[in-house]
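Visitor: There's a structure below that I have some questions on.
Numbering (this note's numbering), first residue to last: 643 to 789.
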């Protein structure tokens with residue numbers, strides 16, 4: 643995987659270019675050391691949707707990344723949007739709790755169209771190599787196949 647270098651970021655904050663991973667390839671790599679899988683399901687109209695669906699079933703070995711708790715900072719009325727980026731220290735705590743380090747391969751998924759998996763990817767993770775597994779570009783029902 644080639645790296646994307648961004649001039650204004652220190653090297654330890656630069657991640658490799660994201661790519662999609664098929665459910666079949668993920669299944670073959672399921673037990674690979676350093677693989678971290680995050681379930682990023684969320685619904686704007688139902689804040690408990692992701693956690694509830696994670697509890698009902700998720701890809702084997704996946705941890706849950708909650709948009710409000712893990713991927714957003716406090717919303718301040720009139721100053722921020724409803725899901726501002728988390729403080730770097732808070733994001734780092736979540737990253738460490740999920741077991742992500744510089745040698746991790748990270749798979750992010752939601753149940754389509756990929757908006758919440760992209761939100762987990764977007765803030766950037768210190769030197770983590772990130773792959774995105776979502777229904778975008780894959781056959782319908784892929785999340786079910788990923789289980």
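All residues carry an ideal CB built from backbone N, CA and C; glycine is no exception.
The beta strand (DSSP E) spanning residue 701 covers which residue range?
Guide: Premise fails: residue 701 is in no beta strand (DSSP E) and is neither H nor E.
Visitor: Which whole-angstrom value is the C-beta distance of residue 704 and residue 713, which I expect to be below 8 Å?
Guide: Going by Cβ atoms, the distance from residue 704 to residue 713 rounds to 15 Å, so no, they are not a contact pair.
Visitor: In terms of residues, what are the limits of the beta strand (DSSP E) holding residue 750?
Guide: Segment 747–751, the beta strand (DSSP E) holding residue 750.
Visitor: In this structure, does DSSP put residue 684 in helix, strand or coil?
Guide: In this structure, residue 684 counts as coil in the three-state DSSP scheme.
Visitor: Relative to the C-alpha of residue 664, which residue among 729, 757, 690 and 750 is closest?
Guide: For residue 664, the nearest C-alpha among the options comes from 750.
Visitor: Please classify residue 668: does DSSP put it in a helix, a strand, or coil?
Guide: In the structure shown, residue 668 sits in a helix (DSSP, three-state: H, G or I).
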